[in-house]
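Below: the structure, in structure tokens.
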Amino acid sequence: MKVTVLAGGVGGARFLLGVREYVSSVSTAESDIETVPASEPSSASIPARKPARIPTSDDVADANETSTRVPESRASQPTAIVNVGDDTWMHDLRLCPDLDSCMYTLGGGIDEHRGWGRQDETWSLKAELAAYGAKPDWFGLGDRDTATHLIRSQMLRAGYRLSDITEALSKRWSPGVRLLPVTDDRSETYVVVTHPTDGDKQAIHFQEWWVRYRAQIETHDFVHIGADEAAPAPGVLDSIRDADIVLIAPSNPIVSIAPILAIPGVRGALRTTNAPVVGISPIIGNAPLRGMADVCLRVAGSEVSSQGVAEYYGARESTGILDGWLSHPGDTVSVPGIAALETPIMMTNPSITAEMVASACKLVGVQP
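For the sequence shown, my numbering gives the first residue as 9, with consecutive numbering after it.
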């Protein structure tokens, strides 16, 4: 079963745990009914697995010419198209927060309490940078996390695409999900604010707005710098076109999903795929499951409710992207052209989240 998910960071990563569990259970059920060969090959005939290797600059030409065809070993894995709007350079290192949150969460290395960064993180680098007076001082780099940023930055400078780098980094973590940045090109979210220091209206990077100011300054708009000139990363459009179902994770619709939709070709692919597109509400009642989606929705002029987010995405039979929508019990949604279902959407654990995925499939008639 081919499942493709559009996802942001923390919420998207936790949703992917359930997607992975659901797809794994479906694959197991399918294998149980297949004919078992009369004899199995001996263990001696199975080649030993080679250790993962981070490519070097000598491999860059071959990597950038690699076919977008998905290897058979990954064909049964779900695919996640991940937001890169949060990405930025910090201390000469390239940070990809949402990709890393997905990778660490799926690989068992996430700090579960915070929902981002590495488990058992230490902060010596942050303290040393502060001692030198290095700026910005409002963003801390964890010691373990920095190793990921170092490898990524080295590979970018060697000429690798972000999608190739993400695949290489993921080999360490074995996420069980094919992680694709929506684009290999620069596309960053900036926020138009009334700056607190001088009162002028200006655009600041999303990270400064989110981390430094905690989204608590006067905000006017969100813009996607570079999106118009960006192209979907290899495999992105194919994964939407070839999917049995496309899911919109319960990520922030304005700063996690909208930057994905801003990349030319992605919205069109969602509107023309034969797969049904089902979203999961990031709002229960009038509050977000996590984060500051309420602030973002108000800035975008949308109602802070499951109904408001469904209307923001819109029905595919009109000019939007949705065929189906899951909301929490009591959050009734009615949008012409969108099949709606009320079902528990608290991602308490992967098994419960997998049940959400099953409900999404059932809603639009997708058989595992």
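C-beta atoms are modelled at their ideal positions from N, C-alpha and C, and glycine is treated no differently.
- Shortest Cα-Cα distance from K10 to any of I262, P86, G17, V286 involves P86.
- It is roughly 34 Å from the alpha-carbon of P258 to the alpha-carbon of R165.
- For G332, the enclosing beta strand (DSSP E) stretches over residues 332-335.
- Taking C-beta atoms under 8 Å as the contact rule, V90 and V18 fail to qualify, at a distance of about 12 Å.
- From the listed residues A239, D331, V274, V286, the smallest Cα separation to R194 is found for A239.
- For L133 and R324, the gap between their C-alpha atoms comes out near 48 Å.
- Between A270 and H232, the C-beta gap is smaller than 9 Å, which places the two residues in contact.
- When M163, D206, V244, G243 are compared, the shortest CA-CA separation from E226 is found for D206.
- Under the DSSP definition of a beta bridge, Y320 lacks any partner.
- Counting only the Cα atoms, I353 lies some 19 Å from E311.
- Straight across, the Cα-Cα distance linking F230 with V263 is about 8 Å.
- Three or more Cβ pairs closer than 8 Å define a contact, and the segment 175-185 meets that threshold against the segment 100-115.
- In the DSSP annotation of this structure, the continuous segment of the beta strand (DSSP E) that includes D229 starts and ends at 227-233.
- DSSP lists P240 as the beta-bridge partner residues of T191.
- Apart from sequence neighbours up to five positions away, the residues of its chain that approach V374 with a beta-carbon distance below 7 Å are D252, I253, P284, ordered along the chain.
- The shortest C-alpha to C-alpha distance from Q315 to any of I212, S289, G273, L24 is the one to S289.
- Membership of T113 in any beta strand (DSSP E) is not indicated; the residue belongs instead to the alpha helix (DSSP H) covering 105-115.
- The C-beta distance from I292 to H336 rounds to 4 Å, short enough to meet the 8 Å contact threshold.
- In the three-state reduction of the DSSP assignment, G287 falls in the strand class.
- Going by DSSP, A155 is part of the alpha helix (DSSP H) stretching over 151-165.
- A check of alpha carbon separations from W124 across A142, A138, C104 identifies C104 as the nearest.
- L24 and S359 have their C-alpha atoms spaced approximately 11 Å apart.
- Looking at the DSSP output, V201 bridges to Q210, T227.
- A Cβ-Cβ contact shorter than 9 Å links A301 with P261.
- Beta-bridge annotation (DSSP): R102 is paired with W97.
- Excluding five sequence positions before and after P272, the CB atoms of its chain that fall closer than 8 Å to its own CB belong to A235, D236, A238, A239, P240, given in chain order.
- In summary, Y320 is buried, with 16 or more beta-carbon neighbours lying within 10 Å of its beta-carbon over all protein chains present.
- Between A211 and A37, the alpha-carbon positions lie close to 51 Å from each other.
- Annotated as distal: V372 and D339, with beta-carbon spacing of 9 Å or more.
- In terms of CA proximity to D151, E136 leads the group K143, E136, P144.
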